[in-house]
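With this note's numbering applied, the sequence shown corresponds to residues 2 to 247, in that order.
Only one structure is covered here, and it is reproduced in the block below.
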Amino acid sequence: MNIMGNLKLSVKMMLAPIVVLMFLIAMSVVSYFGIANQKAALEDIFNKRFLGYQYSTEIAKDITNVHANLYKTITWMSANFDPKKVDELANAQKPVISRNIGLVQKILKDEGLLEDEKKVYSKALGQLTEYQTAAMGVIEMVAADVNAATMFISTAEEKYDHLNKTLEALMLLEKKLSEEKYDSSRKAANLVITIFGIVLVVAVVLSILVSLIVARMVTRPLIETIGVIREVAEGDLTRDIDVNSK
Numbered sequence: 002m003n004i005m006g007n008l009k010l011s012v013k014m015m016l017a018p019i020v021v022l023m024f025l026i027a028m029s030v031v032s033y034f035g036i037a038n039q040k041a042a043l044e045d046i047f048n049k050r051f052l053g054y055q056y057s058t059e060i061a062k063d064i065t066n067v068h069a070n071l072y073k074t075i076t077w078m079s080a081n082f083d084p085k086k087v088d089e090l091a092n093a094q095k096p097v098i099s100r101n102i103g104l105v106q107k108i109l110k111d112e113g114l115l116e117d118e119k120k121v122y123s124k125a126l127g128q129l130t131e132y133q134t135a136a137m138g139v140i141e142m143v144a145a146d147v148n149a150a151t152m153f154i155s156t157a158e159e160k161y162d163h164l165n166k167t168l169e170a171l172m173l174l175e176k177k178l179s180e181e182k183y184d185s186s187r188k189a190a191n192l193v194i195t196i197f198g199i200v201l202v203v204a205v206v207l208s209i210l211v212s213l214i215v216a217r218m219v220t221r222p223l224i225e226t227i228g229v230i231r232e233v234a235e236g237d238l239t240r241d242i243d244v245n246s247k
């Protein structure tokens, strides 16, 4: 109190605004980190989790179409369709499989990929390669010997089932990671709101207290001075004015 009492009046009057300003800065810092956290969470959910889910869905869709078309080539050949059309349909499946293998290889090169994702994508890549081998066997045999192609399709079917289960696991993993990131982001947002509210309440209460203390320090010397002046006016010349406040 003595230190505050020795402060100049102009400085005392600035104490409350300074306190408010300090807490405003604190709230701004809290808000900044809160917004930055939300931004990072949204980017992770959209640029990683959503894209991962989208990739796995696209791969599953492409391979399902390829597998259906393999059966279609056998059906067409058995029904004595134009061999040229059968070859066109069969050969059209090759680039689709190759494209998806290339996509998985590209995804695996992403340094931001989580360890769990790497394991599933690596497994999917191996199964895609195995399926490609089986599918190529069907494609090569369908025009020459439809019965042999029918035997090869059973192997392709087995590889397809394994791959499909892995892709389903990948989609579930991406969904799980998205939910975890969302929950983490929501908890962080709630924490920021709580801290913001606490800082706001403390800022208001403290600024009021500082204002009251400063007002008391400013008015008390004035009241004492007025009292002494009144007593001197009444004839008591022994009183002195002793004011420590500046």
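Here a beta-carbon is modelled for each residue, glycine too, at the ideal position from N, C-alpha and C.
Could you check whether residue j and residue i sit closer than 8 Å to each other, using their CB atoms as the reference points?
i      : j      : result
Ile154 : Asn92  : no
Met172 : Ser99  : no
Arg50  : Glu159 : no
Ile60  : Leu168 : yes
Met248 : Ala136 : Only positions 2 to 247 of the chain appear in this structure, which leaves residue 248 out of reach.
Asn105 : Tyr122 : Sequence inspection shows Val at residue 105; the Asn mentioned does not correspond to that position. In this structure, Tyr122 lies closer than 8 Å to Val105 by Cβ.
Ser186 : Asn48  : no
Leu126 : Ile64  : no
Tyr46  : Tyr132 : Rather than Tyr, the amino acid found at residue 46 in this sequence is Ile. Taking 8 Å as the Cβ cut-off, Ile46 and Tyr132 do not qualify as a contacting pair.
Val205 : Leu16  : no
Leu52  : Ala157 : no
Applying the criterion that 16 or more other CB atoms from any shown protein chain within 10 Å of the CB defines a buried residue, is residue i buried or exposed?
i      : result
Asn101 : buried
Gln55  : exposed
Lys107 : exposed
Ser208 : buried
Met23  : exposed
Leu43  : exposed
Met2   : Model confidence at Met2 stands at a pLDDT of 48, short of 50, so the residue's coordinates are unreliable and nothing is read from them.
Met152 : exposed
Ile230 : exposed
Ile19  : exposed
Leu178 : buried
Taking C-alpha atoms, which residue in the options lies nearest to residue i?
i      : options                          : result
Leu129 : Ala17, Lys110 and Asp162         : Asp162
Gly35  : Asn70, Ala204, Ile214 and Leu192 : Leu192
Ala144 : Gly103, Glu89 and Lys62          : Glu89
Val203 : Val67, Val21 and Lys120          : Val21
Lys62  : Gln94, Glu112 and Lys188         : Gln94
Leu25  : Leu201, Ile224 and Leu210        : Leu201
Gln84  : Asp111, Val147 and Asp117        : The identity of residue 84 in the sequence shown is Pro, whereas the question assumes Gln. Nearest C-alpha to Pro84: Val147.
State the CB to CB distance for the pair residue i and residue j, rounded to an integer number of angstroms; the pair is presumed to be in contact (CB under 8 Å).
i      : j      : result
Lys120 : Leu109 : At roughly 11 Å, the Cβ-Cβ gap does not stay under 8 Å, so Lys120 and Leu109 are not in contact.
Trp77  : Val67  : Between Val67 and Trp77 the Cβ distance is about 15 Å, and since that is not below 8 Å, they are no contact.
Do the stretch 25-33 and the stretch 189-197 make contact, defined as three or more Cβ pairs closer than 8 Å?
-> yes
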